[in-house]
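One structure is given here, and the rest of the page talks about it.
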Amino acid sequence: MLEKIANLLSEAVKEDEVKVFIPENPDFGHYSTNLAFEFAKMREISPDEAGKEIRNKLTHAAPKGFFSRVDIAGGFLNFTLSDETLEKEINLILRQKQNYGRTRKGHKKTVVVDYSAPNIAKPMNVGHLRSTIIGQAIVNLLRFEGYRVIGDNHLGDWGTQFGGLLAAFKKWGSREELKRDPIDYLVKLYIRFNKEAETNEELMNEARMETAKLQKGDRENRRLWKEFVRASLKEFNKTYRRLGVRFSVVLGESFYQKMLPAVVKDALEKGVAKKDDGAIKIALGDEKMPDIVIEKTDGSHLYATTDLAAIVYRVRKWHPEKILYVVANEQALHFSQIFKAAEILKIAPQTELEHVKFGMLLGESGQKMSTRRGEFIKLEELLDRAKEEAGKIDQKSAEQVGIGAVKYFDLSHDRRSDIVFDWNKVLNLKGNSAPYILYTYARLRSVLRKAGPKIKKRLDLSLLRTEAEKKTVRQLVYFPDMVAAAAENYMPNYLADYLYKLANDLNAFYETSPVISVEKNLAESRLALVAAGSVVLKQGLKLLGIETLEQM
RNA sequence: GCCCUCGUAGUUCAAUGGAUAGAACCGGAGACUUCUAAUCUCUUAAUGGGGGUUCGAUUCCUCCCGAGGGCGCCA
6 MLEKIANLLS EAVKEDEVKV FIPENPDFGH YSTNLAFEFA KMREISPDEA
56 GKEIRNKLTH AAPKGFFSRV DIAGGFLNFT LSDETLEKEI NLILRQKQNY
106 GRTRKGHKKT VVVDYSAPNI AKPMNVGHLR STIIGQAIVN LLRFEGYRVI
156 GDNHLGDWGT QFGGLLAAFK KWGSREELKR DPIDYLVKLY IRFNKEAETN
206 EELMNEARME TAKLQKGDRE NRRLWKEFVR ASLKEFNKTY RRLGVRFSVV
256 LGESFYQKML PAVVKDALEK GVAKKDDGAI KIALGDEKMP DIVIEKTDGS
306 HLYATTDLAA IVYRVRKWHP EKILYVVANE QALHFSQIFK AAEILKIAPQ
356 TELEHVKFGM LLGESGQKMS TRRGEFIKLE ELLDRAKEEA GKIDQKSAEQ
406 VGIGAVKYFD LSHDRRSDIV FDWNKVLNLK GNSAPYILYT YARLRSVLRK
456 AGPKIKKRLD LSLLRTEAEK KTVRQLVYFP DMVAAAAENY MPNYLADYLY
506 KLANDLNAFY ETSPVISVEK NLAESRLALV AAGSVVLKQG LKLLGIETLE
556 QM
């Protein structure tokens with residue numbers, strides 16, 4: 006709708022960039038534009054005059070009866086949609102159901118979303134939560150906008166820590182224990198390794214040797230490493246299943262190892278990389294960014310090299326329009342370096358690379374959570390506690406409500422800012438939370454069930470005149486706009502915020518407007534509103550990765 | 001030292017350069033013989049400070065103060 010009005014305006018005044026927004030105050034209509042300010046300045050006339058001129062032009066361009074009124078206030082033009090338009094829109098919701106708001110903006114365009122990326126042999130902690138939850142929401146949103154989306158879990162399955170792990174496992178390891186609780190066991194082994202290595206030089210050397218053997222393809226090490234990966238993945242998948250997260254592909258860092266020498270060779274041939282102190286570096290020619298090492302003196306490669314290889318691979322394989330990296334703020338410098346290098350190397354000329362960054366989770370003290378201080382909470386533990394908390398109110402829906410609450414807590418924040426991790430806040434089941442919206446939905450569904458087939462869903466807007474009803478209608482129509490804004494800016498919190506407001510309006514409507522016990526025509530109109538509300542809540546939550554419940 | 005983020009009610013968070021800065025939690029007062037009270041209705045309270053750009057600044061620029069993060073031949 007927002008786009009439609011912008012197009013109408015832009016057609017009317019022959020101007021490309023027209024900004025239309027949703028005014029917060031409903032007295033200012035459904036949509037507003039500040040176009041008259043700009044016009045006034047350009048033509049040196051008063052905003053009022055400019056407004057009138059635009060309004061005249063618009064009435065020719067707009068379909069008859071589309072707006073019920075266009076007001077001029079200062080330099081603002083305020084558009085109020087006619088009942089006819091609103092009615093059409095609500096009926097569209099009822100007809101299209103979960104497809105209401107779906108667009109084809111991304112038709113024939115591909116986006117790769119790199120998200121989650123846990124490390125093998127380490128438990129997923131709340132730090133991984135954000136990437137996983139935000140990443141999945143972005144994947145859902147972009148698909149809804151018609152993009153072909155490749156969700157890629159860039160596993161941390163390669164690196165020097167495997168040397169220590171291999172050495173430790175060969176010395177003290179037991180297959181049975183690995184089977185029983187793989188990640189927990191591997192962590193214990195790794196801790197023991199680090200502790201003993203402090204006093205035992207020999208152990209460190211062994212680890213280095215094991216790493217080298219693994220990288221050269223030693224059969225035994227390769228087999229063990231694969232076992233670690235498989236066991237860890239099995240546990241991760243349990244968590245992903247709980248969270249409703251699904252990847253298109255899971256290509257870890259190890260996947261790109263074979264490509265690394267080629268990346269280095271290419272960079273050397275293009276004259277972008279140079280040998281320096283025995284290592285190979287890419288000079289970025291930017292004061293704000295240190296150069297990046299892509300090959301160490303000993304010939305081995307690094308994180309940065311892998312990332313460059315991943316770009317090459319993704320571009321060749323999917324020809325994406327964009328690659329999004331849903332990774333924490335802390336890695337901002339790393340990604341600017343990589344993107345700059347990609348630019349100089351010309352390995353992704355048609356692809357936009359973007360770091361979709363997110364803030365840290367801080368401990369309750371407001372400080373960074375750290376493993377050292379024992380503040381890093383395991384993801385599974387968090388989910389279990391959320392479930393337990395929700396179970397205090399209702400056992401049957403505990404898992405879904407609890408997990409929904411955790412997801413919503415994350416997604417309702419601006420992803421870029423740090424969040425203070427407070428159990429009470431995360432597990433809050435009241436107010437601005439998933440359970441609040443889920444509860445609203447369940448009540449609406451209950452009304453629909455109780456009404457049964459006796460009452461038809463037939464909308465007559467002239468009957469819906471209370472404040473609560475009008476607010477709800479207004480809010481419903483905004484759904485496609487909010488989804489589009491959330492998708493285009495990779496900001497799921499726009500949608501979360503919207504759903505909360507909608508639920509708020511629906512609850513007020515629910516309190517004040519009985520459906521079943523009223524006169525037939527009114528009942529039918531209200532039931533239509535209930536149905537439309539439930540459709541939008543369900544689909545909106547689904548895009549955030551939260552499943553609704555019919556009863557709770 | 002250099003670079004990047006961020007300072008909004010008591011607390012935790014919102015606000016694509018727009019109109020009277022919104023919520024939630026906490027505190028206080030009310031509402032269930034009527035479609036589910038995990039609900040609803042009232043109520044107190046905020047843009048760190050100084051300049052600037054603009055018709056208009058929480059938002060952009062600049063300085064100051066304060067907080068966090070990053071600057072590895074780690075990932």
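For the first sequence, position 389 (counting from the first letter as 1) is numbered 394 according to the numbering used here, and the numbering increases by one without interruption.
Every residue gets a Cβ at the ideal spot worked out from N, C-alpha and C, and that includes glycine.
DSSP places Val298 in no alpha helix (DSSP H) but in the uninterrupted beta strand (DSSP E) bounded by Ile297 to Glu300.
Cβ atoms of Leu97 and Ala492 stay farther apart than 8 Å, at about 19 Å. Scanning Leu387, Gly407 and Glu386 for the CA closest to the CA of Gly396 turns up Gly407. Annotation for Ala314: Tyr261, Met264, Leu265 and Val268 place their beta carbon closer than 7 Å to its own, counting only its chain and skipping 5 residues before and after.
In this structure, the beta-carbon distance from Ala536 to Leu453 falls below 9 Å.
Given a length threshold of 4 residues, each whole run of the alpha helix (DSSP H) inside the stretch 119-168 is given here in chain order: 131-149. Boundaries around Leu265 are those of the alpha helix (DSSP H), Leu265 to Glu274, since no beta strand (DSSP E) includes it.
In the three-state reduction of the DSSP assignment, Asn226 falls in the helix class.
Rounded to the nearest whole angstrom, the C-alpha separation of Gly140 and Met294 is 27 Å.
Asp53 and Glu20 have their C-alpha atoms spaced approximately 19 Å apart. The alpha carbon of Glu472 has as its nearest neighbour, out of Lys93, Asn509, Lys275 and Leu40, the alpha carbon of Asn509. Shortest Cα-Cα distance from Thr64 to any of Asp88, Leu82 and Asp223 involves Leu82. Here Asn498 is not bridged, per DSSP, to any residue.
The alpha-carbon separation between Thr310 and Met47 amounts to approximately 51 Å.
According to the DSSP assignment, Thr38 belongs to the beta strand (DSSP E) that extends over Tyr36 to Thr38.
The three-state secondary structure of Tyr308, taken from DSSP, is helix.
By a beta-carbon distance limit of 8 Å, Phe198 does not contact Ala126. Their separation comes to about 11 Å. Beta-bridge pairing by DSSP links Ile77 to Leu82. Tyr308 and Ile349 have their C-alpha atoms spaced approximately 18 Å apart.
Going by DSSP, Phe198 is part of the alpha helix (DSSP H) stretching over Pro187 to Thr204.
Spanning the alpha carbons of Asn526 and Leu534 requires a straight line of approximately 13 Å. By DSSP's assignment, Ile328 forms a beta bridge with Val117 and Leu358.
Gly80 has its alpha-carbon roughly 19 Å from the corresponding atom of Phe72. Counting along the chain, Asp389 sits inside the alpha helix (DSSP H) bounded by residues Leu384 to Gly396.
Within its own chain, the residues whose Cβ lies closer than 8 Å to the Cβ of Asn437, once the five positions on either side in sequence are excluded, are Ser417 and Tyr505, listed in chain order. If you draw a straight line from the Cα of Leu532 to the Cα of Arg185, it comes to about 53 Å.
Here DSSP, grouped into helix, strand and coil, assigns Lys93 to helix. Collapsing the DSSP output to three states places Asp291 in coil.
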